[in-house]
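A.B. asks:
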Ligand SMILES: Nc1ncnc2c1ncn2[C@@H]1O[C@H](COP(=O)(O)OP(=O)(O)OP(=O)(O)O)[C@@H](O)[C@H]1O
Ligand SMILES: [Mg+2]
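Chains as they are written, first to last, in the numbering used here: chain A, 1 to 250; chain B, 1 to 288.
(1) Please specify which runs of the alpha helix (DSSP H), each continuous and at least 4 residues long, are wholly inside the region 86-155 of chain B, giving them in chain order.
(2) Indicate the three-state DSSP secondary structure (helix, strand or coil) for residue 250 of chain A in the structure shown.
(3) Exposed or buried, which one is residue 285 of chain B when buried takes at least 16 other CB atoms within 10 Å?
(4) To test your reading of the DSSP string, which unbroken alpha helix (DSSP H) runs of 4 or more residues are found completely within the region 133-171 of chain A?
(5) Since residue 66 of chain A contacts residue 74 of chain A with CB under 8 Å, what's their CB separation in whole angstroms?
(6) Taking 8 Å as the threshold (beta carbon to beta carbon), is residue 288 of chain B in contact with chain A?
(7) Provide the residue span of the alpha helix (DSSP H) that contains residue 223 of chain B, from first to last.
(8) Pull the bridge partners of residue 23 of chain A from the DSSP assignment, please.
(9) Could you tell me if the beta carbon of residue 178 of chain A falls within a distance shorter than 7 Å of some heavy atom in ligand 2?
(10) Rounded to the nearest angstrom, what separates residue 174 of chain A and residue 182 of chain A at their Cα positions?
(11) At the level of alpha carbons, what is the spacing between residue 132 of chain B and residue 79 of chain A?
(12) Report the three-state DSSP secondary structure of residue 4 of chain A (helix, strand or coil).
(13) Which residues in chain B have a C-beta closer than 8 Å to the C-beta of residue 116 of chain A? List them in chain order.
(14) What would DSSP say about residue 197 of chain A, mapped onto helix, strand or coil?
(15) Is the Cβ of residue 94 of chain A closer than 8 Å to any Cβ of chain B?
(16) What does residue 112 of chain A touch in chain B if you count any residue whose Cβ is under 9 Å from its own?
(17) If you draw a straight line from the alpha carbon of residue 23 of chain A to that of residue 215 of chain A, how long is it in whole angstroms?
(18) Looking at the C-beta of residue 197 of chain B, does it have a partner C-beta in chain A at a distance below 8 Å?
(19) Helix, strand or coil, according to DSSP, for residue 121 of chain A in the structure here?
(20) Using a Cβ-Cβ cut-off of 8 Å, state whether residue 371 of chain B counts as contacting chain A.
(21) Can you find a CB in chain B that lies within less than 8 Å of the CB of residue 51 of chain A?
(22) Considering only DSSP beta bridges, list what residue 218 of chain A is partnered with.
(23) Which chain A residues sit within Cβ distance under 7 Å of residue 180 of chain B?
(24) When the cut-off is 8 Å and only beta carbons count, does residue 173 of chain A lie next to chain B?
(25) Classify residue 12 of chain B as buried or exposed, calling it buried when 16 or more other Cβ atoms lie within 10 Å of its own Cβ.
(26) I need the DSSP call for residue 72 of chain A, collapsed to helix, strand or coil.
(27) Once DSSP output is grouped into helix, strand and coil, what is the label at residue 288 of chain B?
(28) Who are the Cβ neighbours of residue 170 of chain B in its own chain at under 8 Å, not counting the five residues just before and after it?
(29) Less than 7 Å between the CB of residue 35 of chain B and some heavy atom of ligand 1, yes or no?
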């Protein structure tokens, strides 16, 4: 399969403290890459670098390169273009303070879609793809913040889909959800596989095993190991990965 | 012993709270008592809608319409100038400026708030007045516009600091959520941050207006003090506050003029009361 994202020698500092160390890896088109690792291992920082959200942290410094479809995202693209193609679903699902419809139409509107008909179409499709349509189709005009936590997370996924990105980054998307909502979110991810490249950061090792095609293990800002999910979970190459997976860690 | 101390402190705080409310009520009654006395001899209609203010004439004319319109035109002018400027400034400070410029600007705005209004009046008289006069080829530079400009400077610090508060208290996640969908910084400010901060923004505007309506010294020095019905913003006008300040000293206690000034104060009180109420309502809407 083709490489969608190629990260080479990526390092990130926050005010002089190195939180990501010389990381190189690639993400293949249409795969789900699971990223696991203990707290502080730099998983969130890694994701934020991929869609240039870390531009907002003035203390952050980045070196190395990240290529999307062969183009350097920091040197050959502008931030909006990167973020439109590489969208992010956050750990805490926070709808924008507007209606369900407007939440999803927000992205397309900003990118110039004006026709009501077209917007309605996008909203319906996105909600369906995020397995939320049936639950909210009768109250699209009520506030997005009135939904349950699980519904809010799927709303955030739907609004992300609405901008038709190529890559979707998830940062612990199920950390606040019950098992049933989690299963729904995971279903959505599997369903989206044939259209998107997805990177899933999760604290839940089992979740990475359930949905990841390949899995990367981060530790203290280092990429310890990356490999096929089946292989990494059953026969890790690195002693540290094994320790982490068996819970014999730190 | 400790419980007694708690009890005492609690009661003292309670008492202070009540004292504040009591003072407001007392002031209101004091104003109302003398103010309403006027209506024994003058009908409220003539008072509110009379177009002549000439309390020393015989019989005294105490129509406050010219003064009310004077206040209105000066306040509107100041609002139109200060709100866009203040808003732009607040957005710049809260969202765009790099940190050191932000600190510098905040200090500057606070400094602006600290300038006594008499000094602003003074600067307005010697610098602003001549500029307005020459710019529009007027017989005098002391006009409603001059007053509006000076008042705008006084309202800007209030507007900027409250708006900036509202803007920076918009959750970071809204901003990031919007940016993560590929919206530009300006689109994010326009579509997410300003709507989310709107109640604070409305409150800031209201409090700014409240400050402007109540201001006296600078308008007295700058607006030319002609109690005629204003037709344009380039004419001298006289505001309600300036009238009270100028005439209270020379009026005879217990005369119709005296009561008319109290009634004027009452009108002012009611207006500012409602503006503050509106600001409060806007602020509380947000907390819901
Ligand atoms: N904006 C920032 N400014 C300064 N330091 C930061 C910033 N963001 C992250 N860091 C630091 O980077 C390090 C890695 O944090 P990161 O959030 O990437 O870890 P993580 O693997 O996502 O952890 P968790 O599993 O708890 O979410 C931490 O030590 C953190 O303090
Ligand atoms: Mg994290």
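Where a beta carbon is used, it is the ideal one built from N, C-alpha and C, also for glycine.
C.D. replies: Taking the coordinates as given:
(1) 99-114, 117-123 and 129-136
(2) Confidence at residue 250 of chain A is low in this model, with a pLDDT of 49, below 50, so its placement is unreliable and the value that follows should be read with caution. Reduced to three states, the DSSP call for residue 250 of chain A is coil.
(3) exposed
(4) 133-136 and 149-162
(5) 7 Å
(6) Note that residue 288 of chain B scores a pLDDT of 44, beneath 50, so its modelled location is shaky and nothing firm can be said.
(7) First-last for residue 223 of chain B: undefined, no H or E at that position.
(8) A:10
(9) no
(10) 6 Å
(11) 46 Å
(12) strand
(13) Under the 8 Å cutoff, chain B gives no residues; its nearest Cβ is about 17 Å from residue 116 of chain A.
(14) strand
(15) yes
(16) By Cβ distance, chain B contributes nothing, its closest Cβ being about 11 Å from residue 112 of chain A, past 9 Å.
(17) 15 Å
(18) no
(19) helix
(20) Lying before the first or after the last residue shown, residue 371 of chain B is absent from chain B, which here runs from 1 to 288.
(21) yes
(22) A:223
(23) 51, 53, 83, 87 and 88
(24) no
(25) exposed
(26) strand
(27) Because the pLDDT of residue 288 of chain B is 44, which lies under 50, any placement of that residue in the model is unreliable, and the number read from its coordinates should be weighed accordingly. Reduced to three states, the DSSP call for residue 288 of chain B is coil.
(28) 192, 193, 196 and 197
(29) no
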